[in-house]
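Participant:
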Amino acid sequence: MSIFTQFTYGEQIALWSVLGTAILGLLYAFFLMGQVLREDRGTSEMIKVSDSIRIGSNAYLFRQFKTIAFLILLLTGVLYFTAGEHHIAIGRACAFLMGSIFSATVGFVGMNLAVRGNVRVAAAANRGSFANALKIAYRTGTITGMLTDGLGLLGGTLIFMIYGEKAYEVLLGFGFGGTLLALFMRVGGGIFTKAADVGADLVGKIEKNIPEDDPRNAATIADNVGDNVGDCAGMAADIFESYEVTIVAAMILGWASFGHKGVIFPLLVRAIGVISSIIGTYAVRTKEALHDAMKAINVGFLLSAIVSIVGFVIVGFYYLRFPGVQHPFWISLGVSGLDMRPVYTTMVGIVLAVTINRLTEYFTDTKQPPVKSVAESCQTGHATTIITGLAIGMESTVWAIIIIAISIMISAFIYHGSNVTFIAYGVSMAGIGMLTLTGNNISMDVFGPVADNANGIGEMAHLPKEGRQILADLDAVGNTTKAITKGIAIGSAVIAA
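For the sequence shown, this note's numbering assigns the number 4 to the initial residue and increments by one for each residue that follows.
1. Compute the beta-carbon to beta-carbon distance between Ile445 and Thr147, rounded to the nearest angstrom, for a pair I have assumed lies under 8 Å.
2. Which residue from Ser399, Gly481, Phe179 puts its Cα closest to that of Ser245?
3. Tell me, to the nearest whole angstrom, how far the beta carbon of Ser355 is from that of Gly265; I am working on the premise that it is less than 8 Å.
4. Candidates Ile71, Asn482, Tyr83, Met437: which alpha carbon is nearest Ile359's?
5. Mapping DSSP to helix, strand and coil, what is Leu341?
6. Quick check on the DSSP output: the alpha helix (DSSP H) that includes Ser55 runs from which residue to which?
7. If you drop the 5 nearest sequence neighbours on each side, which residues of the same chain put their C-beta closer than 8 Å to that of Leu64?
8. Evaluate Phe177 with the Cβ neighbour count: other Cβ atoms within 10 Å of its Cβ, from every protein chain shown; 16 or more gives buried, anything less gives exposed.
9. For a test of the three-state rule: what should DSSP assign to Arg219, helix, strand or coil?
10. Take every Cβ of the segment 120-129, pair it with every Cβ of the segment 449-466, and state whether three or more of those distances are shorter than 8 Å.
11. Looking only at DSSP bridge pairs, what is Arg324 linked to?
12. Quick check on Ile213: does DSSP put it in helix, strand or coil?
13. Looking at C-alpha atoms only, which residue of Asn61, His263, Ile75 is the closest neighbour of Phe99?
14. According to DSSP, simplified to helix, strand and coil, what is Phe425?
15. Tell me whether Lys197 is buried or exposed, calling it buried when 16 or more other Cβ atoms sit within 10 Å of its Cβ.
16. Whose C-beta lies closer than 6 Å to the C-beta of Lys138 among residues of the same chain, with five residues either side of it excluded?
17. Pull up the distance between the alpha-carbon of Ser410 and that of Ala433, whole angstroms please.
18. With Ser106 as the anchor, note down where its alpha helix (DSSP H) starts and where it stops.
19. Apart from the five residues just before and just after Leu270, which ones in its own chain have a Cβ nearer than 8 Å to its Cβ?
20. So Arg142 is in the alpha helix (DSSP H); what residue range does that whole segment cover?
21. Would you give the residue range spanned by the alpha helix (DSSP H) that Asn443 belongs to?
22. Cβ atoms of Ala170 and Asp43: under 8 Å apart, would you say?
23. Would you check if there are 3 or more beta carbon pairs closer than 8 Å linking the segment 294-309 to the segment 472-481?
24. Leaving out the 5 sequence neighbours to the left and right, which residues in its chain are closer than 6 Å to Trp333 when beta-carbon positions are compared?
25. Counting Cβ pairs closer than 8 Å, one from the segment 298-311 and one from the segment 370-378, do we hit at least three?
26. Hey, Ile407 and Thr348 are a contact pair by Cβ (cut 8 Å); roughly how many whole angstroms apart?
27. Thinking C-alpha only, which one of Ser53, Gly28, Ser399 is nearest Pro452?
28. Using a 10 Å radius around the Cβ and a threshold of 16 neighbouring Cβ atoms, would you call Val173 buried or exposed?
29. According to the Cβ coordinates, are Ala415 and Gly396 closer than 8 Å?
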């Protein structure tokens, strides 16, 4: 392996530490998996509904994977012939295959845990425990989040350890593999979920005048399946693709800017993100009397952000030392050779993620003025409802565009006076920072369909009023968390591009 010939002893320790952290993230996912699966599944009627959703979700994914498999094998062969050197050609093809498999694993395992967690959330609500229902739903989502974090970091680190200075040629295949699966799973899952959702509503609510999630509507199960394949498997693959692409871009630009340190620092940042996500996601809990799921989730998100920033500063202070670098501020403190600009740009990404989180929550939370204004407009008819909703939606996108543009400008300004490679590296590190909290982001995203499915199970299994109210409250919060994740996913994709 090239790690023994191309890297210093300190760099070897850093790489092995990153690799160990990636494995730690995966072990944490399996730990949570055991916790969730040990929970009670509820009544036989609840289990029957849950099993139907699980069977439908698996049928969709197996059909999709069967279609994609041929294309993956074909492109693996094509990528082999895109490199001049034999060992690079093999590496690029294998990296593409690994990226595809990792992305498929995130979607498949995450979705399978989601369809198993939903009935356990409904069972906890049936027992009257809001706190336990929230914990199960969020930790079900965290499993997918930590799989994304762990596998994405594991793939990038292994490729760099094996190929060293030639890793940038191989990493292209890894990013492409994740992108291909994300395209199929996000677009295919999105079309399926909207078709099922609208179809169920047209037949149930309009033609037959029966409520949503009513067992008399045959399309109800398809609607719940759609929530999983679109908002769980599809979004997880989408964020995994952004996760891969940003780390590939940062490593390639880092090599051109700073050499080995410029490549290893993004990996260290992602390792810090894994640790901060473990701390933040495990802290998400609430008391029975509070019934405030959004506050608990926000506390976990902000805790992860704070831990990440502290970690960035500590690692950057001791690691980012370069011969010949003389910044007056650090020299005045007796520190020579320190360049903290990569840390500053990464912190810009963290702040961007937190800002988009708060902005999206403001426009989608049921307690905030925008949603209340849409609800009030319903009193005067369909037209005013549609106009108000569109207006608020357009306003929210304007603020998001402004915030993302400002973040990119700040990241570029931090490297003011440097050549374009350094500026591009700064922007890529902002993307790395934004996706540092991937574990939290996907936890919030998967929380949405899990809570939605649990609410549907509660309706179809005729749970008592108290239990159904708990599930309805979680479902409302889940709609907000899904929107937050979409905002972060789109923002990170813009920076990655």
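Cβ atoms here follow ideal geometry from the backbone N, Cα and C, with glycine treated the same way.
Facilitator: The structure says:
1. Right, their Cβ atoms sit about 5 Å apart.
2. Closest option to Ser245, judged by alpha-carbon separation, among Ser399, Gly481, Phe179: Phe179.
3. Sequence check: residue 355 is Leu here, not Ser. No, Leu355 and Gly265 are not in contact; Cβ-Cβ is about 21 Å, not under 8 Å.
4. Measuring from the Cα of Ile359, the nearest candidate turns out to be Met437.
5. Looking at Leu341 - three-state DSSP - the assignment turns out to be strand.
6. Following the DSSP letters along the chain, one finds Ser55 inside the alpha helix (DSSP H) bounded by residues 47-83.
7. Taking C-beta separations shorter than 8 Å and ignoring five residues to either side along the sequence, the partners of Leu64 in its chain run Gly110, Phe111, Met114, Val232, Ala236, following chain order.
8. By the 10 Å Cβ count, Phe177 comes out buried.
9. In the structure shown, Arg219 sits in coil (DSSP, three-state: anything other than H, G, I, E or B).
10. Yes: the two stretches touch, three or more of their Cβ pairs being nearer than 8 Å.
11. Leu341, per the DSSP bridge assignment.
12. Note: Ile213 maps to coil in three-state DSSP.
13. Among Asn61, His263, Ile75, the Cα nearest to that of Phe99 is on Ile75.
14. In the structure shown, Phe425 adopts helical secondary structure according to DSSP, grouped into three states.
15. Burial state of Lys197 is exposed, judged by a 10 Å Cβ sphere holding fewer than 16 other Cβ atoms.
16. Excluding positions up to five away in sequence, the list reads Arg288.
17. C-alpha separation (whole angstroms): 8 Å.
18. Ser106 -> alpha helix (DSSP H) spans 89-129.
19. Answer for Leu270: Ala17, Leu18, Val21, Leu156, Gly159, Thr160, Phe163, Ile250, Met254, listed in chain order.
20. Where Arg142 is concerned, the enclosing alpha helix (DSSP H) stretches over 133-166.
21. Element bounds for Asn443: 441-463.
22. It is not a contact, given that the beta carbons lie outside the stated cut-off.
23. Yes, the segment 294-309 touches the segment 472-481.
24. Once the five neighbours on either side are set aside, the close Cβ partners of Trp333 are Leu341.
25. With the cut-off at 8 Å, the segment 298-311 and the segment 370-378 do not touch.
26. Incorrect: roughly 14 Å between the Cβ atoms, too far for contact.
27. Closest by alpha carbon: Ser53.
28. When all chains shown are included, Val173 counts as buried.
29. Their beta carbons are not under 8 Å apart, which means Ala415 does not touch Gly396 by this criterion.
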